[in-house]
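Have a look at the structure below, then the notes.
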Amino acid sequence: MTKLKAIGLALLCALFVSTAQIFQKLGGNNLPELTWPLLVGLLLYTLGWVALITALKEGALTVVFPIVATSYILAAIYAVVIFNEQISLLRWVGIALIFAGVAMVGVSRK
């Protein structure tokens with residue numbers, strides 16, 4: 016597996032996990048009843064785990080795992096768009112730092 020494939024799988028993991036979090040929040044509103052959003056969230060978490068394990072199989076942990084951290088960025092964007100949540104300036108700064116860290120990992124040569 017090439018480094019590019021490992022990076023792609025890590026991004027896919029982040030997408031699956033952040034989307035799963037949205038479904039878990041939607042389904043959590045009806046607890047203790049097991050609803051379809053909870054099941055979709057569980058499926059997406061499982062797919063994210065498979066993508067992560069596959070990426071880690073040949074990709075470097077120090078490259079793959081910071082990319083998975085982009086799930087926090089995606090979850091924040093989802094929260095604003097879907098749930099109309101307000102995010103403070105300090106949190107946006109934190110999100111920007113996560114993005115900058117992932118970018119630095121991405122451009123590093125080692």
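So for the sequence shown, this note's numbering puts the first residue at 16; every next one is plus one. Positions of the beta carbon are idealized from the N, C-alpha and C atoms, including for glycine. Note that the structure is a prediction, hence the values are computed from the model and not measured.
So residue i and residue j are in contact, right, with Cβ under 8 Å, and what is the actual spacing, rounded?
i, j, result
"Ala-21", "Gly-74", "3 Å"
"Thr-50", "Gly-42", "5 Å"
"Leu-71", "Val-79", "6 Å"
For residue i, is the classification buried or exposed, using 16 other Cβ atoms within 10 angstroms of its Cβ as the cut-off for buried?
i, result
"Leu-46", "exposed"
"Leu-53", "buried"
"Val-32", "buried"
"Phe-38", "buried"
Just verifying my parser: in three-state terms, what is the DSSP assignment at residue i?
i, result
"Ser-33", "helix"
Contained alpha helix (DSSP H) runs [length at least 4] in the stretch 41 to 104, N- to C-terminal order: 51 to 73, 76 to 83 and 85 to 98
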